[in-house]
Amino acid sequence: MLPSPVLVIGTGLIGGSLGLALGGAGVEVHVQDVSPGTTSLAVELGVGRVRRADDADPALVVVAAPPDVAAALVAQALEAHPEALVVDVASVKRVVLEDLRARAAAGELTADDLSRYLGTHPMAGREVSGVIAARADLFLGRPFVICPHEGTRRGAVARLRQIATELGSLPVVMEAARHDEAVARVSHAPQVLASLLATGLLEAEEQALELSGQGLRDTTRIAASDPRLWVEILGANARALLPVLGDMQERLAGVADALSTMQGDPDPAVGSRRELARLIADGNRGVARIPGKHGSGTDAFATVSVMVPDSPGELARLLTETGQIGVNLEDLHLEHSLGQRVGVAHIAVIPSHEDLLTRELARRGWSVLEG
Numbered sequence: 001m002l003p004s005p006v007l008v009i010g011t012g013l014i015g016g017s018l019g020l021a022l023g024g025a026g027v028e029v030h031v032q033d034v035s036p037g038t039t040s041l042a043v044e045l046g047v048g049r050v051r052r053a054d055d056a057d058p059a060l061v062v063v064a065a066p067p068d069v070a071a072a073l074v075a076q077a078l079e080a081h082p083e084a085l086v087v088d089v090a091s092v093k094r095v096v097l098e099d100l101r102a103r104a105a106a107g108e109l110t111a112d113d114l115s116r117y118l119g120t121h122p123m124a125g126r127e128v129s130g131v132i133a134a135r136a137d138l139f140l141g142r143p144f145v146i147c148p149h150e151g152t153r154r155g156a157v158a159r160l161r162q163i164a165t166e167l168g169s170l171p172v173v174m175e176a177a178r179h180d181e182a183v184a185r186v187s188h189a190p191q192v193l194a195s196l197l198a199t200g201l202l203e204a205e206e207q208a209l210e211l212s213g214q215g216l217r218d219t220t221r222i223a224a225s226d227p228r229l230w231v232e233i234l235g236a237n238a239r240a241l242l243p244v245l246g247d248m249q250e251r252l253a254g255v256a257d258a259l260s261t262m263q264g265d266p267d268p269a270v271g272s273r274r275e276l277a278r279l280i281a282d283g284n285r286g287v288a289r290i291p292g293k294h295g296s297g298t299d300a301f302a303t304v305s306v307m308v309p310d311s312p313g314e315l316a317r318l319l320t321e322t323g324q325i326g327v328n329l330e331d332l333h334l335e336h337s338l339g340q341r342v343g344v345a346h347i348a349v350i351p352s353h354e355d356l357l358t359r360e361l362a363r364r365g366w367s368v369l370e371g
């Protein structure tokens with residue numbers, strides 16, 4: 001039922017992971033990359049094989065490239081493969097579509113060409129990049145955004161929905177501009193803030209860094225992302241990102257003003273305390289809106305916290321025994337600092353399974369934390 005063969009142009013993390021996932025679903029995958037070395041590595045890792053002259057034309061071409069070059073590669077693919085559906089997976093959609101529309105207006109593409117283009121964005125990634133980091137399960141449970149335009153060919157959206165479902169993703173259809181506004185808030189602004197926070201660590205003394213806990217690790221994890229890629233992403237989505245950062249800048253200024261008022265004042269104005277309380281409370285309400293594994297808020301799950309010895313195989317044993325008990329793990333959060341003998345695994349489960357998991361893990365010798 002899936003289109004085959006599929007040509008993946010650009011074999012980095014996303015292109016490589018798509019190739020692995022599609023290949024695992026029985027699709028014949030061909031790979032192409034501007035770097036011969038990257039192409040060879042992708043082949044060696046099982047992403048796909050290099051297309052031969054006698055191969056059938058691709059039914060689907062996936063352009064996995066940054067926003068600044070995605071439109072040019074899509075245009076080339078539309079010309080080279082006149083029967084194929086061509087999609088890009090760049091993390092910004094409006095600039096790619098606008099570029100292709102401009103090429104069509106200039107006569108470089110026909111209306112039929114443009115009808116075979118569809119913007120997509122699988123909302124998955126890692127803080128590490130490159131095909132060496134590719135994983136076939138990268139898209140499991142993640143949104144797969146599909147951005148049709150007014151000229152999109154009939155059936156194209158349905159075909160991409162089918163592919164997204166096969167990858168284990170959750171297909172979401174939305175306009176390109178709305179997509180860019182959404183990712184500005186949920187992806188691009190967090191990247192900027194994480195990088196700013198991590199940059200502040202450059203001035204920290206070694207003794208201060210030794211006090212680092214899980215909160216710092218959680219909030220700076222994505223600061224390890226590829227600078228070259230993110231320069232292109234942030235620049236391409238500046239139109240949507242600037243208002244979001246402007247709002248955050250105003251809120252941060254309000255917090256700074258409140259702290260300035262409270263500094264050295266044993267009885268600061270009530271308004272200063274209210275400003276800080278409002279920030280924390282608004283943050284509580286915001287984080288409660290983040291969907292869980294099945295699209296529900298985080299409060300839809302109960303959390304069972306278990307002490308895990310810092311020894312090889314202990315976490316795997318915990319997860320295995322959770323499955324043996326018959327409880328489905330909805331989410332997992334680990335809390336562990338260097339040098340500690342134990343960590344804490346926070347296991348999210350549906351509320352009706354909380355008592356069962358707590359009781360059975362304790363019976364098997366695990367230390368389950370109360371509260």
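Taking UniProt numbering, the leading residue of the sequence shown gets 1, the next gets one more, and so forth.
Here a beta-carbon is modelled for each residue, glycine too, at the ideal position from N, C-alpha and C.
Here the structure is a predicted model, which is why all the values come from computation and not from measurement.
For this session: Leaving aside the five residues before and after residue 92 along the sequence, list all residues of the same chain whose C-beta is less than 7 Å from its C-beta, in chain order.
Result: Translated into the one-based positions of the sequence shown, residue 92 becomes position 92. The residues are 67, 180, 233, 236 and 237.
For this session: Rounded to whole angstroms, what's the CA-CA distance from residue 96 to residue 249? Just pull it up for me.
Result: Stepping through the sequence shown from its first residue, residue 96 is reached at position 96. Stepping through the sequence shown from its first residue, residue 249 is reached at position 249. Roughly 29 Å separates the two Cα atoms.
For this session: Look up residue 335 in the DSSP assignment and give the residues it is bridged to.
Result: As a working mapping, residue 335 is identified with position 335 in the sequence shown. In DSSP, residue 335 forms a bridge with 344.
Problem set entry | CB of residue 88 within 8 Å of CB of residue 120, strictly | In the sequence shown, counting from the first residue as 1, residue 88 sits at position 88. In the sequence shown, counting from the first residue as 1, residue 120 sits at position 120. The beta carbons of residue 88 and residue 120 sit closer together than 8 Å.
Exercise. Do you know offhand how far residue 294's Cα is from residue 302's?
Worked result: For the purposes of this step, residue 294 is taken as residue 294 along the sequence shown, with counting starting at 1. For the purposes of this step, residue 302 is taken as residue 302 along the sequence shown, with counting starting at 1. Because residue 294 carries a pLDDT of 42, less than 50, the predicted location of this residue cannot be relied on, and the following value inherits that uncertainty. Rounded to the nearest angstrom, the gap between the Cα atoms of residue 294 and residue 302 is 14 Å.
Problem set entry | Buried or exposed (CB count within 10 angstroms, at least 16 for buried), residue 275 | Here residue 275 corresponds to residue number 275 of the sequence shown, with the count starting at 1. By the C-beta density criterion, residue 275 is buried, having at least 16 other C-beta atoms within 10 angstroms.
Problem set entry | DSSP bridge partner residues for residue 119 (one or two, in chain order) | Start at 1 with the first residue of the sequence shown, and residue 119 comes out as number 119. Residue pairing of residue 119 in beta bridges, as defined by DSSP: 88 and 147.
Exercise. In the DSSP assignment, what residue or residues form a beta bridge with residue 9?
Worked result: Here residue 9 corresponds to residue number 9 of the sequence shown, with the count starting at 1. Among the bridge pairs identified by DSSP, residue 9 is matched with 32 and 63.
For this session: Helix, strand or coil for residue 369, going by three-state DSSP, please let me know.
Result: In the sequence shown, the residue the question calls residue 369 occupies position 369. Correct three-state label for residue 369: strand.
For this session: Would you check whether the ligand HEM has a heavy atom nearer than 7 Å to the C-beta of residue 327?
Result: This structure simply doesn't include the ligand HEM, nor any ligand for that matter.
For this session: Can you tell me the Cβ-Cβ gap for residue 333 and residue 346, rounded? I've got them flagged as a contact below 8 Å.
Result: Stepping through the sequence shown from its first residue, residue 333 is reached at position 333. Stepping through the sequence shown from its first residue, residue 346 is reached at position 346. That belief holds up - the Cβ atoms of residue 333 and residue 346 are roughly 4 Å apart, short of 8 Å.
For this session: Kindly confirm or deny that the region 109–126 and the region 250–263 touch, where touching means at least three C-beta pairs closer than 8 Å.
Result: Touching, no.
Exercise. Is there at least one Cβ from chain B nearer than 8 Å to residue 143's Cβ?
Worked result: No chain B appears in this structure, which consists of one protein chain only.
Problem set entry | Host alpha helix (DSSP H) of residue 224 (start-end) | The count along the sequence shown starts at 1 and reaches residue 224 at position 224. No alpha helix (DSSP H) contains residue 224, which DSSP labels as neither H nor E.
Problem set entry | Contacting residues, own chain, Cβ-Cβ under 6 Å from residue 369 (five flanking each side not counted) | Residue 369 sits at position 369 when you count from the first residue of the sequence shown. Around residue 369: 305.
Problem set entry | Identity of the residues DSSP links to residue 303 by a beta bridge | The residue given as residue 303 occupies position 303 in the sequence shown. Per DSSP, the beta bridge partners of residue 303 are 348.
For this session: With residue 96 as the anchor, note down where its alpha helix (DSSP H) starts and where it stops.
Result: Here residue 96 refers to the residue found at position 96 of the sequence shown. It spans 94–105 - the alpha helix (DSSP H) in which residue 96 sits, taken as one unbroken run.
Exercise. From this set, 350, 215, 135 and 144, which residue's C-alpha is nearest residue 21's C-alpha?
Worked result: What you label residue 21 is simply residue 21 of the sequence shown in a count that begins at 1. When 350, 215, 135 and 144 are compared, the shortest CA-CA separation from residue 21 is found for 135.
Problem set entry | Inter-stretch contact (C-beta, 8 Å, three-pair minimum) for the region 134–152 and the region 13–28 | At 8 Å Cβ cutoff, the stretches touch.
For this session: Given a cut-off of 8 Å, decide if residue 8 and residue 27 are closer than it, judged by their beta-carbon atoms.
Result: As a working note, residue 27 is residue 27 in the sequence shown. As a working note, residue 8 is residue 8 in the sequence shown. Not a contact, by the Cβ cut-off of 8 Å.
Exercise. To which residues of the same chain is residue 122 closer than 7 Å at the C-beta, ignoring the five residues directly before and after it?
Worked result: Along the sequence shown, read from residue 1 onward, the residue named residue 122 stands at position 122. Excluding residues within five positions, the ones whose Cβ falls inside 7 Å are 14, 89, 139, 142, 144 and 169.
Exercise. So residue 244 is in the beta strand (DSSP E); what residue range does that whole segment cover?
Worked result: Here residue 244 refers to the residue found at position 244 when the sequence shown is read from its first residue. Unbroken run through residue 244 is the alpha helix (DSSP H), 238–262; no beta strand (DSSP E).
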